[in-house]
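One structure below.
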Amino acid sequence: MTTRQFTAAQASAEVYALGEGPVWDPGRQRLLWVDIDAGAVHEGRLDPATGAVAATTAHTFGGTVGGTAGGTVGGTVGAVAVSAGGELVVAEREVLTRVDTAGRRTELARVLPPGAPSRLNDGAVDPAGRFLIGSMALDDREGQEVLVRLDGTTCVRLDDDLTLSNGLAWSPAGDRMYSIDSTPHVVWERDYDPATGRTGPRRELFRLTGGMPDGMCADAEGNLWIAVFGGGRVECRDPGGRLLATVEVGAPNVTCPAFAGPDLDVLVITTSTEGVDLAEHPGSGHLFTARVGVRGLATPYWVPPRS
2 MTTRQFTAAQ ASAEVYALGE GPVWDPGRQR LLWVDIDAGA VHEGRLDPAT
52 GAVAATTAHT FGGTVGGTAG GTVGGTVGAV AVSAGGELVV AEREVLTRVD
102 TAGRRTELAR VLPPGAPSRL NDGAVDPAGR FLIGSMALDD REGQEVLVRL
152 DGTTCVRLDD DLTLSNGLAW SPAGDRMYSI DSTPHVVWER DYDPATGRTG
202 PRRELFRLTG GMPDGMCADA EGNLWIAVFG GGRVECRDPG GRLLATVEVG
252 APNVTCPAFA GPDLDVLVIT TSTEGVDLAE HPGSGHLFTA RVGVRGLATP
302 YWVPPRS
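Below, the structure is given as structure tokens:
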């Protein structure tokens, strides 16, 4: 079988130091993404015809929870998800924060202990609307990071032996969950019960080479689209690990893909400037988009806990 080849086009004028975690919000026809090191959640408009993304609003985090977004910068933001009503759940450095539509912030749950040499990283919403989030080491420790599921305001631990918890995705039926530990280059699989959130034993699905697997999403056919950090590409693989397609990106440090647009047929890709010679790779830090001939699997809305 021939591997399909695509090339992504630069889609944003703005540059993000560590762009990550694009999320399509169909109810408001907007795209959300984060700049991790800037501690910011961005939102913008996607032009489905051209694939261009126009940034409209930025919310910065890192100050005292209980105020409003847009205050002190200084923390990190690993991931964001949105509810049907427009509320956000934001993964700050150690805690999960709820942000209402007026920008007011309240702490939902503490995931990491204060001052831990770790930070929250990639997250995603499961088929029933629960938010999952993982952590990554900020030092040379290995095998001590977590992946947790937020049930209401309680964190249920799924893994505690990771080093750099990253991309998350589910099968179209919601009965299989995929997750990445970037440092060992592993994509994991486990059975998943959307009704309860219960998981089966974790098993290795495959390993990537030629770069580090980072963010991930699934398409409507059940295939996985994986950003290859350091490899300048997104790979599409079936659940057996067979390479189906490659999207070349004009930046080496590709961080995360997501399907967006009214028809979920535009692949949005975030990138990073970290450790990159911008004279050699001027596209780094921009958003990119590509049409890859398939539609994405819709991301469920986050279901906030009742107040």
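In my numbering, the protein residues as written are 2 to 308. The beta carbon of each residue, even a glycine, is placed where N, CA and C say it ideally should be. Computed from a predicted model, the values in this text were never measured in an experiment.
How big is the Cα-Cα spacing for residue i and residue j?
{"i": "Asp38", "j": "Glu15", "result": "15 Å"}
{"i": "Gln30", "j": "Ile134", "result": "24 Å"}
{"i": "Val295", "j": "Pro115", "result": "43 Å"}
{"i": "Pro258", "j": "Arg307", "result": "31 Å"}
{"i": "Phe7", "j": "Asp160", "result": "35 Å"}
{"i": "Arg111", "j": "Val35", "result": "20 Å"}
{"i": "Leu19", "j": "Gly201", "result": "33 Å"}
{"i": "Gly216", "j": "Leu298", "result": "15 Å"}
{"i": "Arg199", "j": "Thr3", "result": "37 Å"}
{"i": "Gly153", "j": "Pro305", "result": "7 Å"}
{"i": "Gly45", "j": "Ala117", "result": "33 Å"}
{"i": "Thr77", "j": "Thr61", "result": "9 Å"}
{"i": "Gln11", "j": "Thr51", "result": "11 Å"}
{"i": "Pro173", "j": "Ser13", "result": "30 Å"}
{"i": "Leu163", "j": "Trp171", "result": "19 Å"}
{"i": "Asp101", "j": "Ala56", "result": "20 Å"}
{"i": "His186", "j": "Gly231", "result": "12 Å"}
{"i": "Pro195", "j": "Gly87", "result": "23 Å"}
{"i": "Arg204", "j": "Leu225", "result": "16 Å"}
{"i": "Glu21", "j": "Ser84", "result": "19 Å"}
{"i": "Leu113", "j": "Ala9", "result": "36 Å"}
{"i": "Gly28", "j": "Pro263", "result": "10 Å"}
{"i": "His287", "j": "Asp26", "result": "20 Å"}
{"i": "Gly75", "j": "Asp141", "result": "Reliability fails at Gly75, whose pLDDT of 49 lies under 50, so the model's placement of it is uncertain and the value that follows must be treated cautiously. Their backbone Cα atoms lie some 23 Å apart in a straight line."}
{"i": "Gly71", "j": "Arg99", "result": "With a pLDDT of 42 at Gly71, under the threshold of 50, the modelled position of this residue cannot be trusted; read the value that follows with caution. Taking the straight line joining both Cα atoms gives about 14 Å."}
{"i": "His282", "j": "Ser136", "result": "29 Å"}
{"i": "Arg106", "j": "Leu165", "result": "27 Å"}
{"i": "Thr256", "j": "Thr155", "result": "28 Å"}
{"i": "Tyr17", "j": "Asp278", "result": "14 Å"}
Tell me, which residues are paired with residue i by DSSP?
{"i": "Val96", "result": "Arg111"}
{"i": "Met137", "result": "Arg120, Leu165"}
{"i": "Glu236", "result": "Ile227, Thr247"}
{"i": "Ala41", "result": "Asp36, Thr61"}
{"i": "Leu89", "result": "Val83, Val100"}
{"i": "Val187", "result": "Asp182, Arg208"}
{"i": "Met217", "result": "Ile227"}
{"i": "Glu21", "result": "Val35"}
{"i": "Leu159", "result": "Bridge partners of Leu159: none, in fact."}
{"i": "Val304", "result": "For Val304, which the question treats as bridged, DSSP gives no partner whatsoever."}
{"i": "Arg106", "result": "Val100"}
{"i": "Leu47", "result": "Val54"}
{"i": "Asp26", "result": "Arg31"}
{"i": "Arg177", "result": "Asp192"}
Check whether the Cβ atoms of residue i and residue j sit closer than 8 Å, and answer yes or no.
{"i": "Val229", "j": "Pro240", "result": "no"}
{"i": "Val269", "j": "Thr290", "result": "yes"}
{"i": "Leu109", "j": "Leu139", "result": "no"}
{"i": "Glu190", "j": "Arg208", "result": "no"}
{"i": "Ser285", "j": "Thr271", "result": "no"}
{"i": "Glu146", "j": "Ser119", "result": "yes"}
{"i": "Gly79", "j": "Asp123", "result": "yes"}
{"i": "Ala82", "j": "Ala59", "result": "no"}
{"i": "Leu121", "j": "Glu93", "result": "yes"}
{"i": "Pro23", "j": "Ala219", "result": "no"}
{"i": "Val248", "j": "Val188", "result": "no"}
{"i": "Leu33", "j": "Val54", "result": "no"}
{"i": "Ala246", "j": "Arg5", "result": "yes"}
Please report the residue range of the beta strand (DSSP E) in which residue i lies.
{"i": "Phe289", "result": "289 to 291"}
{"i": "Gln6", "result": "5 to 8"}
{"i": "Arg208", "result": "204 to 208"}
{"i": "Gly261", "result": "According to the sequence shown, residue 261 is Ala rather than Gly. Counting along the chain, the beta strand (DSSP E) containing Ala261 begins and ends at 255 to 261."}
{"i": "Asp194", "result": "Careful: Asp194 lies outside any beta strand (DSSP E) and carries neither H nor E."}
{"i": "Glu146", "result": "146 to 152"}
{"i": "Leu1", "result": "Here the chain covers residues 2 to 308 and nothing more, so residue 1 does not appear."}
Among the options, which residue has its Cα nearest to the Cα of residue i?
{"i": "Tyr302", "options": "Gln11, Phe132, Met137, Val42", "result": "Phe132"}
{"i": "Asn167", "options": "Glu222, Cys156, Ser180, Ala12", "result": "Ser180"}
{"i": "Ala125", "options": "Leu113, Arg106, Gly104, Leu97", "result": "Leu97"}
{"i": "Gly223", "options": "Thr51, Gly175, Leu121", "result": "Gly175"}
{"i": "Gly130", "options": "Leu89, Gly104, Val235, Val250", "result": "Leu89"}
{"i": "Gly276", "options": "Leu288, Pro253, Val267", "result": "Pro253"}
{"i": "Val267", "options": "Ala221, Gly242, Leu245, Pro283", "result": "Ala221"}
{"i": "Val250", "options": "Pro263, Ile227, His43, Val149", "result": "Ile227"}
{"i": "Gly212", "options": "Trp25, Val235, Tyr17", "result": "Val235"}
{"i": "Phe157", "options": "Thr247, Arg106, Thr197", "result": "Residue identity check: residue 157 is Val in the sequence provided, not Phe. Here the closest residue by C-alpha is Thr197."}
{"i": "Asp127", "options": "Leu279, His282, Tyr193", "result": "Tyr193"}
{"i": "Ala206", "options": "His282, Leu265, Gly242", "result": "At residue 206 the sequence reads Leu, which differs from the Ala that was named. Checked all of His282, Leu265, Gly242; the closest Cα to Leu206 is Gly242."}
Confirm the yes/no value for this check: CB of residue i, any heavy atom of the ligand PLP, distance under 7 Å.
{"i": "Phe207", "result": "As far as ligands go, the structure on display features none, and thus does not contain the ligand PLP."}
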